[in-house]
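**Student:** I have a structure I would like to understand better, so I am pasting it below and will then ask my questions one at a time.
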Amino acid sequence: MHAYLLLLTLVSTQFALAGGPAIHMGNRLEPFVDGYLIDSMKGVSLRMHAPREEAAGIVFNKPWEGNTSTYCTVIKDDSVYRLYYRGSSDPAYTPMPLLRPGETVVPAHKEVTCYAESKDGITWTRPALGLVEFQGSRANNIILAETAVHNFAPFKDSNPAATAEARYKAVGGSGKLFAYQSADGVHWKKMREEPIITDGAFDSLNIAFYDAVRGEYVAVYRDFRYGIRTVKFASSKDFMNWTAGVWADYGSAPLEQLYTNATSPYFRAPHIYFAFPKRFVQQRTPLAEAPGKGVSETVFMTSRDGIHWDRRFMEALIRPGREPRNWIHRSTMAAPSLVPTAADEMSLYVDRDYNWPTNRLVRYSWRTDGLASVHADASGGEMLTKLLTFDGTKLVLNYATSAAGSIRVEIQDERGNPLPAFALDEAKVLFGDKIEETISVKSLKGATIRLRFVMKDADLYSIAFR
947 MHAYLLLLTL
957 VSTQFALAGG
967 PAIHMGNRLE
977 PFVDGYLIDS
987 MKGVSLRMHA
997 PREEAAGIVF
1007 NKPWEGNTST
1017 YCTVIKDDSV
1027 YRLYYRGSSD
1037 PAYTPMPLLR
1047 PGETVVPAHK
1057 EVTCYAESKD
1067 GITWTRPALG
1077 LVEFQGSRAN
1087 NIILAETAVH
1097 NFAPFKDSNP
1107 AATAEARYKA
1117 VGGSGKLFAY
1127 QSADGVHWKK
1137 MREEPIITDG
1147 AFDSLNIAFY
1157 DAVRGEYVAV
1167 YRDFRYGIRT
1177 VKFASSKDFM
1187 NWTAGVWADY
1197 GSAPLEQLYT
1207 NATSPYFRAP
1217 HIYFAFPKRF
1227 VQQRTPLAEA
1237 PGKGVSETVF
1247 MTSRDGIHWD
1257 RRFMEALIRP
1267 GREPRNWIHR
1277 STMAAPSLVP
1287 TAADEMSLYV
1297 DRDYNWPTNR
1307 LVRYSWRTDG
1317 LASVHADASG
1327 GEMLTKLLTF
1337 DGTKLVLNYA
1347 TSAAGSIRVE
1357 IQDERGNPLP
1367 AFALDEAKVL
1377 FGDKIEETIS
1387 VKSLKGATIR
1397 LRFVMKDADL
1407 YSIAFR
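This is how it looks when you write it as structure tokens:
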């Protein structure tokens, strides 16, 4: 009995010294978009990075599209990029006195769901599908009319149990969410007549997908709470029967109008949800001629469970910008999801110039994992991780420095002592711009460690063990 109490005391003491249980990273990648791995920071901070604006992918100017075409979804499906969007036009939303010479607005028509494809995520084509007649012709890229077209949101189902005829699924509906399926991503049908989720407002793009880490379907969808636009989270084992929605928890962040959510698992770290809500600032209307109040922009938040959201980055990710046409309600809306468009690049697609004849989908790009980083300025600083265990023999770093900047990595034991051969004064000085820089940790297999990063004029975007 005395031996047991002594052992328990020793374990408790070690637990206290360690600051809690170790995080088992395995071989998963961890981007620095939240504080999950971070124990302390001195002279460094988590910083969100603005993207680079690329060229417009599609201008919504076809007769079945128009100024209110929106609610886009982008899927990277093996070698094909798939784009789904609402084709819609309502000239009443356009400030007619501000049209440019020669501009016209696509005449009003009923909403439809459209489909486009790309081989590289940059140049898009509208296939002539011949599925739906519009104004006497089937020479168009419309895949649905009359049903769920206001906010049709598809995904490719990675569930191993998914049947071939339901390899692609979708949700849609303004008053209630209905389920759809497709074998090829183009030909769609309802899975049943009854809705699958009813406890929401739904009047924007609502998201569902299969979470391979959790082994279940999840939905992040729109509702109102305290008069504020926000989201709920629900889950399902079979896509037909769903749990009751749970309200999003933003911690101590101030409540804001989040008109959409654009949530998806990050493709390099699917245990983390990346979301790009459209922040709607309802009380501001810079254009007096605009029919409707408010201005919008894209923000960024993350979650590891779909309920608790990290909103440490309260600044806009993508602002309305220099173009006056984006200082109007409901523009600058991101499409789920973030996708790779090169070996070292990822892209997000954002609806710009909504309400105008120039309404279009614009691509924005970052370096891989480059949405946020642990950042050190020229005066330098350091970051210490929590206790970690891992699988693999190499530590992989994604980082960038200035010509004069640097990163050094010290590996410590559970008590904070540098391990032999891994002390700071023995560490290689890293500099440059690398998506993958490796450090051998083969000799530490099975160990519980901390990583100490000493940085100067540098950004550390992600780490992984392999």
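FYI, our numbering numbers position 128 of the sequence shown as 1074, with every residue one higher than the one before it.
Glycine included, every Cβ here is placed at the ideal spot set by N, Cα and C.
So, do the stretch 993-1010 and the stretch 1310-1327 have three or more beta carbon pairs nearer to each other than 8 Å?
**Tutor:** Taking 8 Å as the limit for Cβ pairs, the verdict is that the stretch 1310-1327 does touch the stretch 993-1010.
**Student:** Do the stretch 1348-1368 and the stretch 1298-1307 make contact, defined as three or more Cβ pairs closer than 8 Å?
**Tutor:** The stretch 1348-1368, when compared against the stretch 1298-1307, does not touch it at the 8 Å Cβ threshold.
**Student:** Is the stretch 1327-1337 in contact with the stretch 1382-1400, if contact means three or more CB pairs nearer than 8 Å?
**Tutor:** Yes, they touch.
**Student:** Can you find the residues in the same chain that come closer than 8 Å, C-beta to C-beta, to Leu1376, ignoring five residues on each side of it along the sequence?
**Tutor:** Hits under 8 Å: Leu1343, Tyr1345, Thr1347, Ser1352, Ile1353, Arg1354, Val1355, Glu1383.
**Student:** To which residues does DSSP link Arg1168 through a beta bridge?
**Tutor:** DSSP lists Val1177 as partners of Arg1168.
**Student:** For a test of the three-state rule: what should DSSP assign to Ala1154, helix, strand or coil?
**Tutor:** Strand.
**Student:** Residues in its own chain within less than 6 Å of Thr1339 by CB, not counting five upstream and five downstream?
**Tutor:** Once the five neighbours on either side are set aside, the close Cβ partners of Thr1339 are Lys1388.
**Student:** Give the DSSP-derived three-state secondary structure of Thr959 in the structure shown.
**Tutor:** Interpretation of Thr959 is limited by its pLDDT of 35, a score under 50 that renders its predicted location unreliable; the figure taken from the coordinates is listed afterwards. Correct three-state label for Thr959: helix.
**Student:** Work out the CA separation of Arg1032 and Asp1371 for me, nearest whole Å.
**Tutor:** Between Asp1371 and Arg1032, the C-alpha separation is close to 58 Å.
**Student:** Among Ala1165, Trp1193, Tyr1163, Ser1182, which has the Cα closest to the Cα of Arg1175?
**Tutor:** Ranking Ala1165, Trp1193, Tyr1163, Ser1182 by Cα distance to Arg1175 puts Trp1193 first.
**Student:** Could you confirm whether any beta carbon from chain B is found closer than 9 Å to the beta carbon of Val1177?
**Tutor:** The question asks about chain B, but that chain is absent: this structure has only one protein chain.
**Student:** Could you say which of Met1292, Pro1047, Ala1369, Val1117 lies nearest to Leu1317 if we only look at CA atoms?
**Tutor:** The candidate whose alpha carbon is nearest that of Leu1317 is Met1292.
**Student:** Grab the span of the beta strand (DSSP E) containing Val990 for me, first residue to last.
**Tutor:** 990-994 is the extent of the beta strand (DSSP E) around Val990.
**Student:** Only counting the same chain, and skipping five residues up and downstream in sequence, which positions put a Cβ closer than 8 Å to that of Ile969?
**Tutor:** Result list for Ile969: Tyr982, Leu983, Lys1332, Leu1333, Leu1334, Thr1335, in chain order.
**Student:** Under a three-way DSSP split, which group does Ala1346 fall into?
**Tutor:** Strand at Ala1346.
**Student:** Between the stretch 1076-1091 and the stretch 1034-1046, do at least 3 Cβ pairs fall closer than 8 Å?
**Tutor:** No, they do not touch.
**Student:** In this structure, does DSSP put Lys1388 in helix, strand or coil?
**Tutor:** Three-state DSSP puts Lys1388 in a helix.
**Student:** What are the partner residues of Thr1244, as DSSP defines its beta bridges?
**Tutor:** The partner list for Thr1244 (beta bridge, DSSP) reads Lys1224, Ile1264.
**Student:** Can you tell me which residues form a DSSP beta bridge with Cys1060?
**Tutor:** Looking at the DSSP assignment, Cys1060 forms a beta bridge with Tyr1031, Ile1088.
**Student:** Whole angstroms is fine: what's the gap from Asp985's alpha carbon to Leu1201's?
**Tutor:** Computed Cα separation, rounded: 27 Å.
**Student:** Please state whether DSSP places Gly966 in a helix, a strand or coil.
**Tutor:** The answer is coil: DSSP assigns Gly966 none of H, G, I, E or B.
**Student:** DSSP beta-bridge partners for Arg1354?
**Tutor:** Paired residue(s): Val1400.
**Student:** Can you check which of these residues, Ala1094, Val1164, Phe1101, Tyr1163, is closest to Lys1136 by C-alpha distance?
**Tutor:** Checking every option, the nearest Cα to that of Lys1136 belongs to Ala1094.
**Student:** Taking 8 Å as the threshold, find out whether the stretch 1059-1067 comes into contact with the stretch 1022-1029 through three or more Cβ pairs.
**Tutor:** Yes, the stretch 1059-1067 is in contact with the stretch 1022-1029.
**Student:** Is Arg1271 helix, strand or coil by DSSP?
**Tutor:** The answer is helix: DSSP assigns Arg1271 an H, G or I state.
**Student:** Could you give the DSSP three-state label for Pro1073: helix, strand or coil?
**Tutor:** It is coil, neither helix nor strand.
**Student:** Tell me whether the beta-carbon of Met1279 lies closer than 9 Å to the beta-carbon of Lys1224.
**Tutor:** In contact: Met1279 and Lys1224 (Cβ atoms closer than 9 Å).
**Student:** Considering Cα atoms alone, identify which of Tyr1172, Gly1082, Ser1210, Tyr1300 is closest to Asp1103.
**Tutor:** Answer by Cα proximity: Ser1210.
**Student:** Three-state secondary structure (DSSP) at Ala949?
**Tutor:** Its pLDDT being 41, under 50, Ala949 is placed unreliably by the model, and the measurement read from it follows with that caveat. Correct three-state label for Ala949: helix.
**Student:** Going by C-alpha to C-alpha distance, which of Ile1253, Ala1158, Thr1019, Glu1269 sits closest to Leu1233?
**Tutor:** Closest option to Leu1233, Cα to Cα, is Glu1269.
**Student:** Should Val1159 go down as buried or exposed, given a rule of 16 or more other Cβ atoms within 10 Å for buried?
**Tutor:** Answer is exposed; the Cβ neighbour count stays below 16.
**Student:** Along the chain, where does the beta strand (DSSP E) that runs through Thr1331 open and close?
**Tutor:** Where Thr1331 is concerned, the enclosing beta strand (DSSP E) stretches over 1327-1331.
**Student:** Relative to the alpha-carbon of Ala1091, which residue among Val1132, Val979, Thr1109, Ser1283 has its alpha-carbon at the smallest distance?
**Tutor:** Checking every option, the nearest Cα to that of Ala1091 belongs to Val1132.
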